[in-house]
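In this note's numbering, the protein residues as written are 9 to 222. Notes follow the structure.
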Amino acid sequence: MTPSAAAAPTAAAEAGPRAARTPAGAAREKILATAFRLFYAQGLRAAGVDTIIAESGVAKATFYKYFPAKDDLILAYLEQVDGVWTGQLRAAAEAAGPDPADQLVGLFDALSSACRRDGYRGCAFINAAAEAPSGTRVHERTVAHKQQILAWIRGLAEQAGAADPDQLARSLTLVLDGGLASGVLDADPAAATAARNTAAQLVAAALPSPPARH
9 MTPSAAAAPT AAAEAGPRAA RTPAGAAREK ILATAFRLFY AQGLRAAGVD
59 TIIAESGVAK ATFYKYFPAK DDLILAYLEQ VDGVWTGQLR AAAEAAGPDP
109 ADQLVGLFDA LSSACRRDGY RGCAFINAAA EAPSGTRVHE RTVAHKQQIL
159 AWIRGLAEQA GAADPDQLAR SLTLVLDGGL ASGVLDADPA AATAARNTAA
209 QLVAAALPSP PARH
């Protein structure tokens, strides 16, 4: 789900893990920053290793020292996206206040921010899953990301007192994924608002009604 997984390349580069400020560490950072930009804009297969090496300005031997295979670089890219997108979702949820029910709706504010970014091309993890064959390391990483987000949302649903936390979590992740896709297909910022409103309805319906006042 993901730059995401929907973060802009610059945001991911800033938030990604920082290597030691040595020439070697700087080279790895340059490779990752270039890969992030190209993978997200062009796709995992269309962005070739030779292009990434040329645009990052490193020697081929340096590239293969850090990333022996292209999939190693793709996995590092997805790890970076995961950290950024998960952080944005959690920050949006926490900004909604301490109530878990409010956080379940508030996390959708991250979707609104993502869809408005220049160069937005949807969730990096959904895009990667579409390109990676089932059973590969890359595809397994996309599945792990989705399960991670699902488990987090399920935890919030349980804390909020949902009658069926599993069902609510699955419904909300479907709405989130749909909003990420609609932001690309429709190019309409209102898609994120519609997703948030749908989430609010789902949360309200899943929680027990407050006791009637007499």
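Every residue gets a Cβ at the ideal spot worked out from N, C-alpha and C, and that includes glycine.
Status (buried if at least 16 other CB within 10 Å, exposed otherwise) for residue i
i, result
"lysine 68", "exposed"
"aspartate 80", "exposed"
"serine 217", "exposed"
"glutamine 209", "exposed"
"valine 211", "buried"
"alanine 35", "buried"
"alanine 242", "The requested residue 242 does not occur in the structure, where the chain is confined to residues 9 to 222."
"glycine 130", "buried"
"aspartate 185", "buried"
"alanine 177", "buried"
"glycine 114", "buried"
"glutamine 156", "exposed"
"leucine 182", "exposed"
Anticipated Cβ contact below 8 Å, residue i with residue j, distance rounded
i, j, result
"valine 146", "alanine 140", "4 Å"
"glutamine 3", "leucine 40", "Past the edges of the chain, shown from 9 to 222, lies residue 3, and the structure says nothing about it."
"alanine 43", "tyrosine 72", "Actually they do not touch by this definition, with Cβ atoms about 14 Å apart."
"valine 57", "lysine 38", "14 Å between Cβ atoms; not a contact."
Neighbourhood of residue i by C-beta distance below 6 Å, restricted to the same chain and skipping five residues each side
i, result
"isoleucine 82", "Leu52 and Val146"
"alanine 118", "Gln96, Leu97 and Ala100"
"glutamate 63", "Thr42"
"alanine 165", "Pro173, Leu176 and Ala177"
Cβ shell of residue i (< 8 Å), same chain only, five flanking positions each side left out
i, result
"alanine 199", "Cys123, Gly187, Ser190 and Gly191"
"threonine 144", "Asp79"
7 Å CB neighbourhood of residue i in its chain, flanking five on each side removed
i, result
"arginine 149", "Leu83 and Leu86"
"leucine 215", "Ala109, Ala168, Gly169 and Ala170"
"leucine 180", "Leu112, Ile161, Ala207 and Leu210"
"aspartate 174", "Arg162"
contact_flag[the stretch 196-207, the stretch 131-138] where n(CB pairs < 8 Å) is 3 or more:
no
Which runs of the alpha helix (DSSP H) at least 4 residues long sit entirely within the stretch 101-163? Give them in chain order.
108-114, 117-123 and 132-139
Is there contact here, the stretch 98-108 with the stretch 154-168, by at least three beta-carbon pairs under 8 Å?
yes
Taking the runs of the alpha helix (DSSP H) that are 4 residues or longer, which of them lie wholly in the stretch 50-86?
57-64 and 68-74
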